[in-house]
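Just below is one structure, and these are the notes that go with it.
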Amino acid sequence: MSKKIKHLPLWEVFIRSKRGLDHKHAGSIHAADGEQALQYARDTYTRRNEGCSIWVAKSADIIASRPEDSASFFDPAGDKVYRHPTFYDVPDDLKL
Amino acid sequence: MELNDGETLDAKVCDCPMTPDTSRQDLFQYVLRLGDNALINGQRLSEWCGHGPFLEEDVGVANTALDLIGRARMLLTYAGEVEGAGRTEDDLAYFRHERDFRNFLIMELPVGDFAFTTARQFFIDAYDYFYYQALQYSVDSTLAAIAAKTLKECEYHLRHTGEWMVRLGDGTAESHEKIRKAVADLMPFTFELFDADEIDRRMCERHIGVDLDAIEKSWNEKVADALAEATLERPEVTFTRSGGRQGLHSEHMGYLLAEMQSVQRTWPGLQW
Chain A
46 MSKKIKHLPL WEVFIRSKRG LDHKHAGSIH AADGEQALQY ARDTYTRRNE GCSIWVAKSA
106 DIIASRPEDS ASFFDPAGDK VYRHPTFYDV PDDLKL
Chain B
303 MELNDGETLD AKVCDCPMTP DTSRQDLFQY VLRLGDNALI NGQRLSEWCG HGPFLEEDVG
363 VANTALDLIG RARMLLTYAG EVEGAGRTED DLAYFRHERD FRNFLIMELP VGDFAFTTAR
423 QFFIDAYDYF YYQALQYSVD STLAAIAAKT LKECEYHLRH TGEWMVRLGD GTAESHEKIR
483 KAVADLMPFT FELFDADEID RRMCERHIGV DLDAIEKSWN EKVADALAEA TLERPEVTFT
543 RSGGRQGLHS EHMGYLLAEM QSVQRTWPGL QW
């Protein structure tokens with residue numbers, strides 16, 4: 046009989062690499078609660094000086110779109126080029 | 303007072319009534335003890351690498367072990383400089399015999415189960431936290447700098463093991479029993495941490511070392527709070543264990559050194 050492995054709840058980890066930048070998804074870890082998740086996120090994802098701020102959120106609390114939603118969610122935007130700001134004349138002396 | 307050589311270190315100790323040789327020897331012993339504590343604690347903790355209860359904690363314990371070995375490197379390098387006999391960090395770590403190591407006995411005890419490792423590390427982390435907090439005000443600028451760097455690590459280690467004490471103590475009946483037993487088994491070894499000898503007293507008087515009485519008070523308060531939160535009682539201690547300072551180690555120390563030193567003993571001077 047195989048032993049069923051019970052994992053601790055899964056958490057998603059977001060790291061801000063430096064001030065002024067956004068938090069970016071770094072990966073996920075297992076932990077019993079928020080404090081432990083924060084510590085394991087620190088130990089796993091910031092040991093090479095990657096961050097100055099950490100967010101953790103329970104994976105189960107994230108509402109994600111599903112692959113089967115993609116046709117109705119994303120395809121309609123595909124042919125609406127007028128939503129891109131490409132129809133303006135940019136003044137010559139404006140540096141982009 | 304004229305000193306034997308022109309090293310900057312002597313400038314800090316020359317206002318002392320003792321001979322330069324005695325005060326240098328005191329400082330060497332003082333730094334060596336701190337280095338040995340970090341080294342042996344780090345070596346023991348590193349045994350968990352690959353064997354942690356789960357992957358995340360495995361990484362966490364290994365990180366702490368690496369912090370301790372990094373601290374040992376700084377301290378043993380400095381000890382070698384103070385001694386002035388040309389010994390490097392590696393000479394001190396890999397080519398001394400058991401009787402020459404000055405770490406507390408609690409550092410060398412086998413890892414035991416996860417509760418034992420956690421309780422041991424919590425006791426040490428709390429000690430280190432208050433110790434290095436005080437040591438960052440040492441008049442010895444090298445020790446003060448090492449302490450300031452180390453303190454940040456100690457703060458995190460203490461937060462991590464403090465959490466685990468509560469988690470295990472206030473967890474299931476099984477985890478409570480395991481951490482209770484670990485605390486009871488370890489408590490007799492904690493008295494050595496505060497057992498100041500002549501070197502400690504002289505270093506404290508010269509404001510190089512720390513006041514162990516003050517640290518003992520802070521440590522007792524911290525431990526009392528943590529044990530209360532973990533629903534554990536402080537065990538009655540009927541005997542205490544010590545001897546590490548004198549090089550009188552437990553039967554476990556020889557095996558630890560054999561493993562730690564085997565590569566350099568076999569191929570002296572081998573580089574990574």
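Protein chains in written order, with the working numbering: chain A, 46 to 141; chain B, 303 to 574.
We put the CB at the ideal spot given by N, CA and C, even for glycine.
Computed from a predicted structure; not experimentally measured.
- By the C-beta density criterion, residue 411/B is buried, having at least 16 other C-beta atoms within 10 angstroms.
- In this structure, the beta-carbon distance from residue 480/B to residue 417/B falls below 8 Å.
- Residue 61/A is bridged by DSSP to 68/A, 98/A.
- The Cβ atoms of residue 549/B and residue 403/B lie closer than 8 Å to each other.
- Taking 8 Å as the cut-off, the beta carbon of residue 429/B is found no closer than this to the beta carbon of residue 453/B.
- The beta carbon of residue 424/B sits no closer than 8 Å to any beta carbon of chain A.
- Each residue's CA atom was taken as its position, placing residue 390/B and residue 445/B some 17 Å apart.
- One finds 84, 85, 87, 88, 89 in chain A with Cβ atoms closer than 9 Å to the Cβ of residue 362/B, taken in chain order.
- The secondary-structure analysis by DSSP pairs residue 75/A across a beta bridge with 55/A.
- Fully enclosed beta strand (DSSP E) runs of no fewer than 3 residues are not present anywhere in the stretch 340-414 of chain B.
- In this structure residue 406/B touches residue 494/B by the C-beta definition: roughly 5 Å separates them, less than 8 Å.
- The three-state secondary structure of residue 125/A, taken from DSSP, is coil.
- Non-local C-beta neighbours of residue 569/B in its own chain, meaning closer than 6 Å and more than five positions away in sequence, are absent.
- In this structure, residue 384/B lies near residue 333/B, with their beta-carbon atoms less than 8 Å apart.
- In terms of beta-carbon proximity, residue 365/B lines the interface with chain A, with at least one pair separated by less than 8 Å.
- In the structure shown, residue 140/A falls within a coil segment according to DSSP collapsed to helix, strand and coil.
- Counting other Cβ atoms within 10 Å of its Cβ, residue 341/B reaches 16 or more and is therefore classed as buried.
- Within the model, the alpha-carbon separation for residue 83/A versus residue 53/A is close to 14 Å.
- Interface criterion met: the Cβ of residue 356/B is under 8 Å from a Cβ in chain A.
- A check of alpha carbon separations from residue 505/B across 476/B, 439/B, 463/B identifies 439/B as the nearest.
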